[in-house]
Amino acid sequence: MAHVLRNYKRHLKQAGKASPATVNAHLTAVDHYLQYLGKKAPEIPREELPEVAPSALSKDEQLRLLRAVAGCKRSLDRAVLLLLYYTGIRVGECAALDVEDIFVVGRHRKLVVRNGKGDFYREIPLNREAAESVAEWLSDREKRFADKEKDSALFLNPQGKRMSTASLDLIVRKVGQFCGLTLSCHVLRHTLLTNLVRNGNDLMLVAEIGGHKRLETTKRYTRPSARDRQLAMENLCTGER
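For the sequence shown, the residue numbers in the working numbering are 1490 to 1730.
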């Protein structure tokens, strides 16, 4: 059986032109089928997957996004998008924010993540654009729910309850569709952290802002993207013969 699977793996790579991830997926499917039949699956080495940079928006895509956000009619949408874009917090951390987790005193502006991934507490400075968008939403929030019982959450649904991660991600995806981008909360997080790294900031600082306990996680953002590799090849100078 082992030699059959090794030949199958070779066929997938050579004749099928399958990617490493596809090869591994096929081998895993075979393992599960053999287990279903009550047979022990041979140990066939998996393909090593190439290390890639997290998906982030290009500079042009970021400009398109910011123009789309500026045109959003709802202050809620603008606040959600800009807070995620300028802080890089996880969608779960965003959903967990309360009004009291936003601090603005003069030029001192910050957001507090009290229970991040791994129970990691951190404070993230807010830039002017993010702070102003949140302030506008808070003003509308107070008017909209003035006579209603409401949750302490920063972002509320129409019923005055804390917005779910799915609802927040839906806002992000809809704005992305409007400006022709495949967008998610994860992409906004990856974009912020990529921007910080490429602007020359210390990796320890980026790790603190991103809530990474391991520096190795942050180092992923130093890897070149497929777009970087393409541009590097296109920008090669060729000498005349």
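Glycine residues also receive a C-beta, built at the ideal position from the N, C-alpha and C atoms. Predicted model only: the values in this text are computed from it and were never measured.
Please state the DSSP three-state secondary structure of residue i.
i, result
"residue 1589", "helix"
"residue 1614", "strand"
"residue 1645", "strand"
"residue 1597", "strand"
"residue 1553", "helix"
"residue 1499", "helix"
"residue 1535", "coil"
"residue 1630", "helix"
"residue 1563", "coil"
Here's the rule: buried if 16 or more other CB atoms are within 10 angstroms of the residue's CB, otherwise exposed. What is residue i?
i, result
"residue 1715", "exposed"
"residue 1655", "exposed"
"residue 1448", "Given that the chain is displayed from residue 1490 to residue 1730, the structure contains no residue 1448 and the question cannot be resolved."
"residue 1641", "exposed"
"residue 1699", "buried"
"residue 1602", "buried"
"residue 1679", "buried"
"residue 1720", "exposed"
"residue 1577", "buried"
"residue 1596", "exposed"
"residue 1661", "buried"
"residue 1630", "buried"
Given residue i, which residues of its chain have a CB within under 6 Å of its CB, disregarding the five upstream and five downstream residues?
i, result
"residue 1575", "1616 and 1619"
"residue 1622", "1567, 1568 and 1571"
"residue 1507", "1501"
"residue 1683", "1545 and 1710"
"residue 1644", "1652"
CB-CB under 7 Å to residue i, same chain, minus the five flanking residues each way: which ones, in chain order?
i, result
"residue 1607", "1702"
"residue 1658", "1580, 1673 and 1674"
"residue 1647", "none"
"residue 1599", "1592, 1612, 1613, 1614 and 1615"
"residue 1558", "1567, 1570, 1571 and 1664"
"residue 1495", "1533"
"residue 1498", "1512, 1516 and 1533"
"residue 1490", "1531"
Would you mind giving the Cβ-Cβ distance between residue i and residue j, rounded to the nearest angstrom? I have them listed as a contact below 8 Å.
i, j, result
"residue 1572", "residue 1583", "7 Å"
"residue 1676", "residue 1510", "The Cβ separation is near 20 Å, so there is no contact."
"residue 1670", "residue 1550", "6 Å"
"residue 1649", "residue 1634", "5 Å"
Might you give, ordered along the chain, the residues of its own chain that have their beta carbon closer than 8 Å to the beta carbon of residue i, omitting 5 neighbours on each side?
i, result
"residue 1594", "none"
"residue 1686", "1692, 1695, 1707, 1710 and 1711"
"residue 1589", "1641"
Report task. Write down every uninterrupted run of the alpha helix (DSSP H) in the stretch 1653-1723 whose length is 4 residues or greater and which is fully enclosed by it, in chain order. Result -> Listed in chain order, the complete alpha helix (DSSP H) runs (minimum 4 residues) inside the stretch 1653-1723 are 1654-1667, 1674-1687, 1692-1699, 1704-1708 and 1715-1723.
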